[in-house]
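A quick write-up on the structure given underneath.
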Amino acid sequence: MVQHATSSRSHALAIAIALGSCAGPSGPAQPVGQTHEARVTEGGSDEARADAVGVDEELDETGPPGDIPFWTDGRARRPVTRERAERRGLALVDLGEAWAPTIFTEDPSLGARGRQPYRREFLRLANEQHRRQRDPMERHLELYGIFPTLNVVRARLADEERHRCHDAVDDAAIASLDDTIRPGSDPTGQRRRVMSVQVLRRRLEDVARRRRLPSIDALDDGSNSREAQEVRRLRRMEPVVAAIRAVQAHLRCEGTLSSRARDGELDAHTGRAIRIWQSRHMIISLAGRLDETTRASLTMDSRELDFLTLLRALRERVVDATGILEDGSASNQWGTVVGRQLQIDDEFRAVGRVPPLPNGAPDLVSAQTDAAARALGWTDPAAALAWLDAHARERADHRVVALPLPPPPEYHSRQMDLRVEIDRGDVHYAFPFTPDGRPRGMVQRNRPVTTIFARHEGREIALVRWNTTIGGWQPEVNPQGGVGMRYKESDVGPRIWRHLIAGPAWLPPPSTPDDELLVRSGSTWRVNDSITGPGYDSAYGLAMVIHHIQRGEGPGAELLDNGIRSHGSVSYRSILRGYSHGCHRLFNHLAVRMGGFLLHHRAYTTQGQIAASLRRELRPAGSEEMHVLELTQRGFLFDLDPPVPVEVLPGNIRGNATRPPTGFFPLPAELQAQARAEAEPAVN
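Sequential numbering of the sequence shown, starting at 513, is according to our numbering.
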């Protein structure tokens, strides 16, 4: 991260904060904290800006030697001191194994309260230090906002045995597929298809051999003979089986395919390994489907894929170090890094399907990352591996380097004039099913978006525009066991972002059924602590801000909490196509970036850990087992001062219903089983 001198002072501040559900009650008062100025340098003079881009030789040849490696144009120059690097506008980027985003910065002056509850777990996951008892899905979490360390990626790039394994796979069959295949769909039919391909090929080859034909293709003479029909049938089935076998071969190279996976079948075991692949390469998909983006990634060179992972990991460190947020989403300008588009999946640019915003900022994130990669000499997989072998082969908790990056925009400052606008898009209040159980057609052409603006010298710049969610109809199981739906509203009007929470935890209200807080593992149950958090896959993801209604001005202003937050999430399909329980969900890595940006560009007070006291005994239905859910903290709090103003727009109300309905609406019997499977705790 960029490290600047900061001033701090202690003061008493009572904070009313809520970390309940998206319709939850207010929480307890908060303790004393530390005040910090936002940590970002001013734009500086034109001369300083020029030096930051075109570093002169004086940095190499004169002045006292420093202890920070200085890189430019792929060459190591004379090390610099921290003071000299900051004076000349160089960015200080930490490439070490103990790096964590700014929102996970600890404050020793606060004692035990200054320790980040999730920082240790974040670092464990980034370093891929696995726990045997945990889900192997946690091996690769790039998709969900936890990027691997440089040493982890170096080991991947250097694994020639794995690369040769991938090289040996014939990808022609994968490339020939043009349909999405769903894992576990029609297992009997899949098994029959594999057997039929084997039987048909043997029989047709035998017939072709006896007739002295050059291949079985010659048997298809355009007639309706048995052999001609069987050749055509084989042509339909064999490419699918061959493609699945090629996919399975790639997954075996990764060591993620279970030995129980059935050859040539996209069974549950293969689907699980595909999900791990998708998470590793930041591909949004549904239930491990073999979709177009996944198929394309499987045919890419494994070294190139690892290089993209390295560049994405560098990107998050550069973004966090520089306080740059502008990613091109407001202007539909998507940059490249050393000639590459880092996101394989176009779903991350879904917001670009609508027109660009006036004064939308360009993709500064890619520009900064590109400059950093070129300064280090990471221009291709081989060059990057050579650098990592020479400079990052051994573990180092901290490895700060000085890099000449483009200067920040002139509107960046220590205290930026920011505002946020959340457009709810198309809103449908009508019940989504007809009385006979048929779904109503409710098209949502305009999805909800969150836009962050900066004001500077009389003009307003749209920094980012991100896909988000609003509330909608959600399946629900009531305490009496009934299955139905309830509308979850996202209220509108002026709000403020004052409380930023890193590693937030969710405290389930007493009305939450026990079964929703437990998860079955084989024949036993355990507490579902992944949903309560803190954690990347928790209800609130890695970071969140609370939407407060402010009544009054000054120190005595009252903050009201309707339970709505903007927060990270792993429910990416809902962010792109679905609804929440009222909150505004963001991709996890964007929620982390946003939190770091706010700490760079707004003054804040570090309040530290938010104490909680919850102990609840849980018993699964029909079982005598008893499990204990215990939570002692709700996350790590930063208090933004002044807060960021937010306006939630009404959106476009579609249909005859113009108000959000209240109450519980039972579902037809034929829809209850599906709704029960889709129901989730009402937390976000």
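Even glycine gets a Cβ: it sits at the ideal position worked out from N, Cα and C.
Non-local beta-carbon contacts of aspartate 690 in its own chain, meaning distances under 7 angstroms to residues more than five positions away in sequence, are absent. In the displayed model, proline 893 falls within a helix according to three-state DSSP. In terms of Cα proximity to proline 1021, the closest of Arg1128, Asp935, Pro1046 is Arg1128. Judged by beta-carbon spacing, serine 708 lies beyond the 9 angstroms limit of arginine 738, meaning their Cβ atoms are not closer than that value. In terms of CA proximity to aspartate 929, Val1156 leads the group His675, Pro944, Val1156, Arg651.
Annotated three-state conformation of alanine 1181 is helix, per DSSP.
When the alpha-carbon of asparagine 990 is set against those of Thr782, Arg632, Phe1177, Pro629, the nearest one is in Phe1177.
The beta-carbon separation of alanine 885 and leucine 837, rounded to 19 angstroms, does not stay under the 8 angstroms limit for a contact.
Boundaries of the alpha helix (DSSP H) harbouring glutamine 710: 699-722, taken from the DSSP string. Your pair leucine 897 and arginine 666 checks out as a contact, with CB atoms roughly 7 angstroms apart and the cut at 8 angstroms. The C-beta distance from serine 1042 to tryptophan 1018 rounds to 11 angstroms, too long to fall under 8 angstroms, and the pair is not in contact. Within the model, the alpha-carbon separation for arginine 1010 versus isoleucine 1076 is close to 13 angstroms. Isoleucine 728: not part of any beta strand (DSSP E); DSSP gives it neither H nor E. Isoleucine 788 sits in a helix when the DSSP states are folded into three classes. The beta-carbon separation of arginine 829 and leucine 607, rounded to 7 angstroms, stays under the 8 angstroms limit for a contact. Annotation: the continuous beta strand (DSSP E) that includes leucine 975 extends over 971-979.
As computed with DSSP, serine 1092 is found in a beta bridge with Gly983. Contact between glycine 1080 and glycine 657 holds, since their C-beta atoms are separated by about 6 angstroms, short of 8 angstroms. When Cβ pairs closer than 8 angstroms are counted between the two stretches, the segment 757-766 is seen to touch the segment 781-794, the count reaching three or more.
In the three-state reduction of the DSSP assignment, tryptophan 846 falls in the coil class.
In the DSSP secondary-structure assignment, isoleucine 1061 is bridged to Leu1072.
Bridge partners of arginine 815 according to DSSP: none are assigned. With contacts defined by Cβ atoms closer than 9 angstroms, arginine 861 and threonine 981 do not form a contacting pair.
Ranking Asn1040, Gly1053, Ala1169, Asp1073 by CA distance to the CA of leucine 1143 puts Asn1040 first. Burial state of alanine 974 is buried, judged by a 10 Å Cβ sphere holding 16 or more other Cβ atoms.
The distance from the Cβ of threonine 821 to that of aspartate 857 is about 14 angstroms, inconsistent with a contact at the 8 angstroms cut-off. For glycine 623, the secondary structure class from DSSP, reduced to helix, strand or coil, is helix.
Here the alpha carbons of aspartate 875 and leucine 602 stand approximately 20 angstroms from one another.
Spatial neighbours of proline 591 in its own chain (CB-CB distance under 7 angstroms, excluding positions within 5 residues in sequence) are listed in chain order as Pro577, Gly578, Asp579, Ile580, Pro581, Phe582.
Arginine 1128: member of the beta strand (DSSP E) spanning 1116-1130, first to last residue. For arginine 1038, the enclosing beta strand (DSSP E) has its first and last residue at 1036-1039. Spatial neighbours of threonine 692 in its own chain (CB-CB distance under 6 angstroms, excluding positions within 5 residues in sequence) are listed in chain order as Arg801, Asp803.
Between isoleucine 1013 and alanine 1055 the beta-carbon gap is near 7 angstroms, inside 8 angstroms, which marks them as a contact. By the Cβ-count criterion, serine 1125 is exposed, with fewer than 16 other Cβ atoms from all chains shown falling within 10 Å of its own Cβ.
The residues Gly608, Glu609, Ala610, in chain order, have a CB closer than 8 angstroms to that of aspartate 909 in the same chain once the five nearest residues on each side in sequence are set aside.
Check the Cα spacing between arginine 747 and each of Gln760, Asp729, His762: the tightest is with Asp729.
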